[in-house]
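Residue numbers (the numbering used here), protein chains in the order written: chain A, 1069 to 1456; chain B, 12 to 154. Below is one structure, written out as structure tokens; the observations come after it.
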Amino acid sequence: MRNVAIIGVGNSKFGARQDVNLAELAFEAVKPAYEDAGITGKDIPFVALGSAGGWYEETLPAVVTAEYCGLTGAGLVHCEAACASGSAAFATAYLDVASGHNDVAIAIGLEKMREVDGPTILELIGRAGYYFWEFHNFGITFPAYYALHATAHMAKYGTTQEDLALVSVKNHKYAAMNPVAHFQRVITVKDALESAVIAWPLKLYDCCPVTDGASAVILASEEKVKEFKIDTPVWVAGLGYASGTANLTNRENYVGLTAARAAASRAFKDAGVRPEDIEVATAHDCFTIAEIMAYEDIGFCKKGEGAKLIREGQTEIGGKIPVNVDGGLKAKGHPIGATGCSMIYELTRQLREEAEKRQRQVPLKKYVALAHNIGGTGHYGYVTILKR
Amino acid sequence: MATPLPTLKSRPLTLTYEIPISKTQKFWNGIKEGKIYTTKCKKCGKLSFPPVADCSICLSSDAEWVELSNEAEIETFTHVAILPATFQKYEPYTIAIGKLKEGVRVLAWLKDVKLENTKVGMRVRLLPKVTSESMLTLEFLPI
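So, in structure tokens, the structure goes:
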């Protein structure tokens, strides 16, 4: 395997995007990524598109996107790993370049979720587990899947609803400084605690919004980095991926995600770094409890101490390990298939020290960052480590 | 409020899948008889729930049907207030995961217990049920 660099990134505005269709939304991420790298679609022989789909009209989103963005003719694949589809696309593009099969590849994460109504979205995501055994008779929703983890975590470790609210408050604070974020406003613990119950103990402000968005990442070999005269390449230092059972009932427990722990440990081994080397991270906070479990599963703290980390402010800028200073899924928004690439977009900008706005820039010494992206309820786990 | 932007409505599509159950029929028939059956691998002895025709551990397809007890302990639960499209006509429901004394776990609705009285570790019964809409299901009930 050879070294692979990120040479260009782009991200659409996240939000309720009724002004654009699927391909037009992708274009908003792909064109800035081309411009960032100083290349065009003609220079890119391989495209991996991550999208979960089902809520938009197109069955072949990769084909539609490739044509619209001037990528037709390149090798093309559509990756599905539920909410980690963007990371699956990133991993696929990375492996294509690392293997030497191609010298340049693009990963595009894309989701257009708001073309169907709310109950239909809950239905489609609720079926994303094991339809036959867990949805058909019981109508489980995605908030409910994570609520089962929140209840177990609260019972075992004394995590509280206030702790969950603190995650939301932190992520809203940073989203308000992030021009691409869905939500641009701060909230209080009181707002979070008084919001409507969605799936107890999770309330509205514990849940990520339904968001439309796209993100793109261009990867290249060392020779291409030189040829394209890329001044600040960001290197893929390590990658780890793993999976969990479809049936939640076949898991060991509900206080963490085995796939996340396995993916993190593989990524750390691959990169030759440890959790204490990470200076900025994005974690999969589709629900507030998910961020607390992520701290523990990645190894930023011991199992059961995730709530302590948020209470002490250790995951804010200035703390031990800033997490989701782009607003996270909770407040930047979670366009399912776009999220994995959008995490790489954010970390690339952080490692190049060009985060917008400047108050969001994490001070760096080692220039090591980590992205933790989960598909389903720990069905898919992807952890990516980047270095400048 | 801003005027919505123009959109074009797609052709509607309604999908219903016909899901084969020939290999798990004993489980579904059992519910009608008031019993909960699952499978145990004859080769490696692995007890599964949900029931499986093929063993993921030793890959044997030689499974026997065994009846499960109805004694369970709640490991975790949630109360679902905002419901998905095909459950809109139901009242909000509590979903629990219970561990049976045989060691397997089951996900089902927990009925007849108020949310404030629902606790991790509480002991419950798991019962088969044919619903008013003739759906075959399982539910947890308080002891």
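All C-beta atoms, glycine included, are put in the ideal place defined by N, C-alpha and C. Bear in mind that the values here come from a model prediction, so they are computed numbers and not experimental data.
Query raised in the report: By a C-beta neighbour count over all protein chains shown, 10 Å radius and 16 as the cutoff for buried, is B:W120 buried or exposed?
Result: Counting from one through the second sequence, the residue named residue 120 of chain B turns up at place 109. Counting Cβ neighbours within 10 Å, B:W120 comes out buried, since at least 16 surround it.
Query - Sub-7 Å separation of A:G1138 and A:T1407 beta-carbons - result: On the first sequence, residue 1138 of chain A is found 70 positions in, with the first residue counted as 1. On the first sequence, residue 1407 of chain A is found 339 positions in, with the first residue counted as 1. No. Outside cutoff.
Query raised in the report: Since A:L1117 contacts A:P1129 with CB under 8 Å, what's their CB separation in whole angstroms?
Result: Here residue 1117 of chain A corresponds to residue number 49 of the first sequence, with the count starting at 1. Here residue 1129 of chain A corresponds to residue number 61 of the first sequence, with the count starting at 1. Right, their Cβ atoms sit about 6 Å apart.
Query raised in the report: Is the Cβ of B:R116 closer than 7 Å to any Cβ of chain A?
Result: In the second sequence, counting from the first residue as 1, residue 116 of chain B sits at position 105. Output row for B:R116: interface = yes.
Query raised in the report: With a cut-off of 7 Å, does the C-beta of A:L1216 fall near any C-beta of chain B?
Result: On the first sequence, position 148 is the one that residue 1216 of chain A refers to. Yes, because at least one Cβ of chain B sits closer than 7 Å to the Cβ of A:L1216.
Report task. Could you give the DSSP three-state label for A:N1441: helix, strand or coil? Result -> Residue mapping note: residue 1441 of chain A aligns to position 373 of the first sequence, counting from 1. A:N1441 falls in the strand class under three-state DSSP.
Query - CB contact check: A:T1228 to chain B, cutoff 7 Å - result: As a working note, residue 1228 of chain A is residue 160 in the first sequence. Chain B contact via Cβ: absent.
Query raised in the report: Of all the options A:R1342, A:T1227, A:I1075, A:A1327, which has the alpha carbon lying nearest to the alpha carbon of A:T1313?
Result: Locating residue 1313 of chain A in the first sequence gives position 245, counting from the first residue. Of A:R1342, A:T1227, A:I1075, A:A1327, the residue nearest in Cα terms is A:A1327.
Query raised in the report: Can you find at least 3 beta carbon pairs, one from the region 1277 to 1288 of chain A and one from the region 1166 to 1186 of chain A, that sit closer than 8 Å?
Result: Counting Cβ pairs under 8 Å, three or more are found: they touch.
Requested in this report: Could you spell out where the alpha helix (DSSP H) holding A:I1189 opens and where it closes?
Outcome: As a position in the first sequence, residue 1189 of chain A is number 121, starting the count at 1. First-last of the alpha helix (DSSP H) with A:I1189: 1186 to 1194.
Query raised in the report: By the 10 Å Cβ neighbour count, where 16 or more other Cβ atoms means buried, how is A:W1123 classified, buried or exposed?
Result: As a first step, residue 1123 of chain A must be located in the first sequence, where it is residue number 55. A:W1123 should be labelled buried.
Query raised in the report: Under three-state DSSP, which class holds B:E86?
Result: What you label residue 86 of chain B is simply residue 75 of the second sequence in a count that begins at 1. The answer is strand: DSSP assigns B:E86 an E or B state.
Requested in this report: Closer than 7 Å by C-beta to A:R1189: which residues in its own chain qualify, once you throw out the five before and the five after it? Chain order, please.
Outcome: Start at 1 with the first residue of the first sequence, and residue 1189 of chain A comes out as number 121. For the sequence presented, residue 1189 of chain A should be read as Ile rather than Arg. If we look at A:I1189 and ignore the five residues flanking it on each side, its Cβ neighbours are W1123, M1181, V1278.
**Report entry** C-alpha distance - A:G1109 paired with A:A1134, whole-angstrom precision
**Finding:** Taking the first residue of the first sequence as position 1, residue 1109 of chain A is located at position 41. Taking the first residue of the first sequence as position 1, residue 1134 of chain A is located at position 66. C-alpha separation (whole angstroms): 9 Å.
Query raised in the report: Are the beta-carbon atoms belonging to B:I108 and B:E86 less than 7 Å from one another?
Result: On the second sequence, residue 108 of chain B is found 97 positions in, with the first residue counted as 1. On the second sequence, residue 86 of chain B is found 75 positions in, with the first residue counted as 1. In this structure, B:E86 lies closer than 7 Å to B:I108 by Cβ.
Query raised in the report: To which residues does DSSP link A:A1149 through a beta bridge?
Result: Within the first sequence, residue 1149 of chain A is the residue found at index 81, counting from 1. The partner list for A:A1149 (beta bridge, DSSP) reads A:C1151.
Query raised in the report: Can you tell me the Cα-Cα spacing of A:Q1427 and A:E1421, whole angstroms?
Result: As a working mapping, residue 1427 of chain A is identified with position 359 in the first sequence. As a working mapping, residue 1421 of chain A is identified with position 353 in the first sequence. When rounded, the distance between both Cα atoms is 11 Å.
Query raised in the report: Would you say A:R1334 and A:G1308 are within 7 Å of each other, going by their C-beta atoms?
Result: Working through the first sequence from its first residue, we reach residue 1334 of chain A at position 266. Working through the first sequence from its first residue, we reach residue 1308 of chain A at position 240. Yes. Within cutoff.
Query raised in the report: Of the residues B:I106, B:C52, B:F98, B:P103, which one's Cα is nearest the Cα of B:C69?
Result: Translated into the one-based positions of the second sequence, residue 69 of chain B becomes position 58. Looking at the Cα atoms, B:C52 is the closest of the given residues.
Report task. Verify whether the separation of the beta carbon atoms of A:V1248 and A:N1079 is less than 7 Å. Result -> For this step, residue 1248 of chain A is matched to residue 180 along the first sequence. For this step, residue 1079 of chain A is matched to residue 11 along the first sequence. Yes, they are a contact pair.
Query raised in the report: Is A:F1311 helix, strand or coil when you go by DSSP?
Result: The count along the first sequence starts at 1 and reaches residue 1311 of chain A at position 243. The sequence given here has Ser at residue 1311 of chain A, not Phe. Here A:S1311 sits in strand by DSSP.
Requested in this report: Using the Cα positions of B:S145 and B:K43, report the straight-line distance between them to the nearest angstrom.
Outcome: For this step, residue 145 of chain B is matched to residue 134 along the second sequence. For this step, residue 43 of chain B is matched to residue 32 along the second sequence. A straight-line Cα-Cα distance of about 10 Å links B:S145 and B:K43.
Query raised in the report: Got a sec: is the Cβ-Cβ distance from A:D1087 to anything in chain B below 7 Å?
Result: What you label residue 1087 of chain A is simply residue 19 of the first sequence in a count that begins at 1. Cβ-Cβ to chain B under 7 Å: yes for A:D1087.
Query raised in the report: For A:P1187, which residues in chain B fall below 9 Å Cβ to Cβ?
Result: For the purposes of this step, residue 1187 of chain A is taken as residue 119 along the first sequence, with counting starting at 1. Those are I93, L94, P95, A96, T97, F98, Q99, listed as they occur along chain B.
Query raised in the report: Closest by CA to B:T129, which one among B:W76, B:K20, B:Y104?
Result: Within the second sequence, the letter at position 118 stands for residue 129 of chain B. Of the listed residues, the one whose Cα sits closest to B:T129 is B:Y104.
Query raised in the report: Along chain B, in chain order, which residues have C-beta atoms closer than 9 Å to that of A:Y1322?
Result: Your numbering for residue 1322 of chain A matches position 254 in the first sequence. Per Cβ cutoff of 9 Å: E86, T87, I108.
Query raised in the report: Are any of the Cβ atoms in chain A nearer than 7 Å to that of B:T27?
Result: For this step, residue 27 of chain B is matched to residue 16 along the second sequence. B:T27 does not count as touching chain A.
**Report entry** Any C-beta of chain B under 7 Å from that of A:T1209
**Finding:** By 1-based counting over the first sequence, the position of residue 1209 of chain A is 141. By this cut-off, A:T1209 is an interface position.
**Report entry** Span of the beta strand (DSSP E), counted from its first residue to its last, around A:G1446
**Finding:** Within the first sequence, the letter at position 378 stands for residue 1446 of chain A. Here A:G1446 belongs to no beta strand (DSSP E), and DSSP marks it neither H nor E.
Query raised in the report: What does B:P61 touch in chain A if you count any residue whose Cβ is under 7 Å from its own?
Result: Taking the second sequence and counting its residues from 1, one reaches residue 61 of chain B at position 50. Chain A residues near B:P61: W1201, N1315.
Query raised in the report: Under the rule that 16 or more other beta-carbon atoms within 10 Å means buried, what is A:I1264, buried or exposed?
Result: In the first sequence, the residue the question calls residue 1264 of chain A occupies position 196. The displayed chain sequence assigns Ala, not Ile, to residue 1264 of chain A. Burial call: exposed.
Query raised in the report: Counting Cβ pairs closer than 8 Å, one from the region 1379 to 1395 of chain A and one from the region 1237 to 1256 of chain A, do we hit at least three?
Result: yes
Requested in this report: Apply the 10 Å Cβ neighbour rule to A:Y1450 and answer buried if 16 or more other Cβ atoms are within range, or exposed otherwise.
Outcome: Reading the first sequence from its first residue, position 382 is the one you call residue 1450 of chain A. With 16 or more Cβ atoms within 10 Å of its Cβ, A:Y1450 is classed as buried.
Query raised in the report: Do A:T1209 and B:P61 come within 7 Å of each other at the CB atom, strictly closer than that value?
Result: As a position in the second sequence, residue 61 of chain B is number 50, starting the count at 1. As a position in the first sequence, residue 1209 of chain A is number 141, starting the count at 1. Between B:P61 and A:T1209, the C-beta spacing is not below 7 Å.
**Report entry** Contacting residues, own chain, Cβ-Cβ under 7 Å from B:V91 (five flanking each side not counted)
**Finding:** Sequence index remark: in the second sequence, residue 91 of chain B carries index 80 (1-based). Only P103, Y104, I106 meet the Cβ criterion.
Query raised in the report: Three-state secondary structure (DSSP) at B:R134?
Result: Here residue 134 of chain B refers to the residue found at position 123 of the second sequence. It is a strand residue.
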